[in-house]
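J.: In the working numbering, the protein residues as written are 140 to 429. Think of the CB as a built atom: it goes at the ideal place given N, C-alpha and C, for glycine as much as any other residue.
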């Protein structure tokens, strides 16, 4: 069984990432957003399983129940991600999922964040979320979460400019107004405004035709899944309500800072009625295969 077997994991070099995960305990909606210093063209080259993009390798989405981020020295076999996915579906408490993940021999290079609202369970800010930051990650790698009304959230990041990145993102989530996704976007912007990853800067501008806008990442995305959205065969290939992403595809009038461009696209999506979007392209991962 996946949950109890030893994970023979293949780790890539650590990549700087921050993410925001959140669940609406009333509606069952789940949201994940993230940004990283890895360039878009690097994801398909990952071994043994390439990735379509950041979401493809990082996000774990279980509509109506929970959401997770698997990052830092990410497991390219996807065994960690599938373990988290299957355990969330079984309503395993997040802290217990973290304990299962610790069987991974490369656990000290990993970072995880999990938020879930298992059906029939007592919900508190303590028993529905968990994080793990391996000792092999950089000094400015941490996580923080909590509750705002029916919204439960967690922010996690690694290889950041400083602890303020996660702290200010969490604070922004609590101060935001509007939908769950509005809160998540506010947290993403706060992380970006407070330095994100110090290695992504305007001196290395991959989009010289656009204003750099104090860029702190190379790619960013947000995914929103409603309670009744259809799941797929992997940890994140379902038919979700909305997916917006920024890689190296900026258009005229947008920014070389992916988080700022993500905000532009998110606001445009809302102005257009927040309709269901087309799903992302096919995943590059086949469960049970290599």
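So for residue 213, helix, strand or coil by DSSP?
T.: Looking up residue 213 in the chain shown gives position 74. Residue state, collapsed to three classes: coil.
J.: Since residue 405 is in the alpha helix (DSSP H), which residue starts that stretch and which ends it?
T.: Reading the chain shown from its first residue, position 266 is the one you call residue 405. Taken as a continuous stretch (DSSP letters only), the alpha helix (DSSP H) holding residue 405 covers 397 to 410.
J.: My output table needs one value for residue 300: the three-state DSSP class, helix, strand or coil.
T.: One-based indexing of the chain shown puts residue 300 at position 161. Residue 300 falls in the coil class under three-state DSSP.
J.: Is residue 379 helix, strand or coil when you go by DSSP?
T.: The count along the chain shown starts at 1 and reaches residue 379 at position 240. Coil.
J.: So, residue 299 versus residue 273, is the Cβ gap smaller than 8 angstroms?
T.: Your numbering for residue 299 matches position 160 in the chain shown. Your numbering for residue 273 matches position 134 in the chain shown. For residue 299 and residue 273, no; Cβs fall outside 8 angstroms.
J.: Spell out a yes or no on whether the region 396 to 413 and the region 346 to 362 are touching, meaning 3 or more CB-CB pairs, one atom from each, closer than 8 angstroms.
T.: Enough Cβ pairs lie closer than 8 angstroms, so yes.
J.: Assuming residue 297 contacts residue 353 (C-beta within less than 8 angstroms), just tell me the rounded distance between them.
T.: Translated into positions along the chain shown, residue 297 becomes position 158. Translated into positions along the chain shown, residue 353 becomes position 214. Their Cβ separation, rounded to whole angstroms, is 20 angstroms, which puts residue 297 and residue 353 out of contact at 8 angstroms.
J.: Just the C-alpha distance for residue 302 and residue 279, rounded to the nearest angstrom, thanks.
T.: Residue numbering aside, residue 302 sits at position 163 when the chain shown is read from its first letter. Residue numbering aside, residue 279 sits at position 140 when the chain shown is read from its first letter. C-alpha separation (whole angstroms): 5 angstroms.
J.: Going by Cα to Cα distance, which pick from 201, 178, 200 is closest to residue 190?
T.: Indexing the chain shown from 1 puts residue 190 at position 51. Checked all of 201, 178, 200; the closest Cα to residue 190 is 178.
J.: Cβ-heavy atom distance between residue 338 and the ligand HEM below 7 angstroms?
T.: As presented, the structure is devoid of all ligands, the ligand HEM included, so that no description of it is given.
J.: With DSSP run on the structure shown, which of helix, strand or coil describes residue 271?
T.: Taking the first residue of the chain shown as position 1, residue 271 is located at position 132. In this structure, residue 271 counts as strand in the three-state DSSP scheme.
J.: Would you mind sorting residue 166 into buried or exposed? The rule is 16 or more other CB atoms within 10 Å of its CB.
T.: Position 27 of the chain shown holds residue 166. It counts as exposed.
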